[in-house]
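Scroll down for the structure; my scribbles are underneath it.
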Amino acid sequence: LYTLPLLVVAIWALCLRRWTEGIGKAVIIALVLSTAYQAWCVGAQRIVLTRAKDLLRQSSIEQDKLLAIPLPFTSLFWRAIVLKNDNYVNLYMPLFGDTRHTTVYIHPRNLSLAGCLGKNSAFSQLSSFSRGFYRLDQHRDVIQFSDLRMGLTPNYIFSYAIAKLSVKGTKEMPPRRIFGPRSGPGDVDWLFANLLRNPKIRPTEKPHWIKATDLAHTVGQKTAQLGCHFRPPDG
């Protein structure tokens with residue numbers, strides 16, 4: 002959304018044969034709108050981070066890392082990602098709301114699989130790029146890396162197969178992009194309900210939903226095991 006006004010002006014300018022005074026004014030207006038939107042998002046992010054920290058403090062949780070990002074196509078509904086040990090928590094928060102309007106989901110990061118990767122170069126580069134906001138998953142005989150910042154659980158945009166598992170060990174493979182759906186069933190209804198401060202459980206994450214009051218009893222209980230731990234591949 003930040004680049005949309007500039008994109009419109011750029012397309013308009015390309016359709017004209019020469020630069021006009023009107024285009025110059027349009028560029029200025031587009032820059033003002035884009036800058037105002039960016040400032041709005043920065044302010045909104047601070048509000049969401051403050052509320053997320055307050056919720057964690059009330060639950061006596063000291064997070065390892067915390068990040069707040071807006072949901073696609075809106076700056077009024079946010080997701081705060083909390084990293085704690087082998088778990089990550091999605092806090093979905095409407096900007097104009099409070100704890101009553103926040104829904105909480107806890108997911109595993111499966112960090113024990115990292116012990117199987119050794120000096121895997123793709124894992125090293127991707128984990129650095131994600132700034133620690135990632136999860137690992139085993140799909141049959143493949144270890145998959147997903148960047149938690151891009152997309153919604155479990156439909157992450159930035160997911161790669163990075164290693165193959167076998168009873169003989171782990172073999173590094175050229176990173177292969179994993180393509181899949183970008184949203185889950187019921188996401189549109191869920192988005193609009195929460196925008197209107199009507200907390201609704203996201204169908205795709207329903208098995209991982211917890212009450213905000215139970216946060217202290219569920220987060221941080223599991224710590225990743227040292228070494229390589231995985232399910233034997235089928236066959």
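Here the numbering used here is used: the first residue of the sequence shown is 2, the next is one more, and so on. No residue lacks a Cβ here, since even glycine has one placed at the ideal position from N, Cα and C.
Where residue i falls: helix, strand or coil (DSSP)
i: residue 169; result: coil
i: residue 25; result: helix
i: residue 43; result: helix
i: residue 97; result: coil
i: residue 145; result: strand
i: residue 185; result: coil
i: residue 212; result: coil
i: residue 177; result: strand
i: residue 160; result: strand
i: residue 126; result: helix
i: residue 152; result: strand
i: residue 104; result: strand
i: residue 64; result: coil
i: residue 30; result: helix
i: residue 207; result: helix
Own chain, CB closer than 6 Å to residue i, minus 5 neighbours either side, in chain order
i: residue 69; result: 46, 49, 50, 79, 81
i: residue 83; result: 64, 67, 90
i: residue 229; result: 116, 117
i: residue 173; result: 121, 164
i: residue 1; result: The structure shown does not extend to residue 1, since the chain is modelled only from 2 through 236, so no value can be given for it.
i: residue 123; result: 163, 176
i: residue 102; result: 95, 198, 200
Whole-Å CB distance - residue i paired with residue j, under 8 Å assumed
i: residue 196; j: residue 92; result: About 16 Å; that fails the 8 Å criterion.
i: residue 145; j: residue 160; result: 6 Å
i: residue 89; j: residue 58; result: The Cβ separation is near 18 Å, so there is no contact.
i: residue 74; j: residue 139; result: No, residue 74 and residue 139 are not in contact; Cβ-Cβ is about 33 Å, not under 8 Å.
i: residue 34; j: residue 24; result: That pair is no contact at about 15 Å.
i: residue 141; j: residue 158; result: With a Cβ gap of about 22 Å, residue 141 and residue 158 do not count as contacting.
Beta-carbon proximity check, residue i vs residue j, cutoff 8 Å
i: residue 87; j: residue 112; result: yes
i: residue 53; j: residue 32; result: no
i: residue 163; j: residue 155; result: no
i: residue 192; j: residue 96; result: no
i: residue 213; j: residue 100; result: yes
i: residue 198; j: residue 98; result: yes
i: residue 171; j: residue 133; result: no
i: residue 125; j: residue 135; result: no
i: residue 62; j: residue 85; result: yes
Sequence-distant residues of the same chain with beta carbon closer than 7 Å to residue i, five excluded per side
i: residue 107; result: 88, 90, 209, 211, 219, 220
i: residue 30; result: none
i: residue 60; result: 216, 217
i: residue 179; result: 145, 160, 161, 162
Cut-off 8 Å between Cβ atoms - residues of its own chain near residue i, not counting five sequence neighbours on either side
i: residue 41; result: 76
i: residue 186; result: 204, 205
i: residue 233; result: 168
Would you call the stretch 160-177 and the stretch 202-217 in contact, with 3 or more CB pairs under 8 Å?
With the cut-off at 8 Å, the stretch 160-177 and the stretch 202-217 do not touch.
With three or more beta-carbon pairs closer than 8 Å as the criterion, would you say the stretch 146-155 touches the stretch 210-220?
At 8 Å Cβ cutoff, the stretches do not touch.
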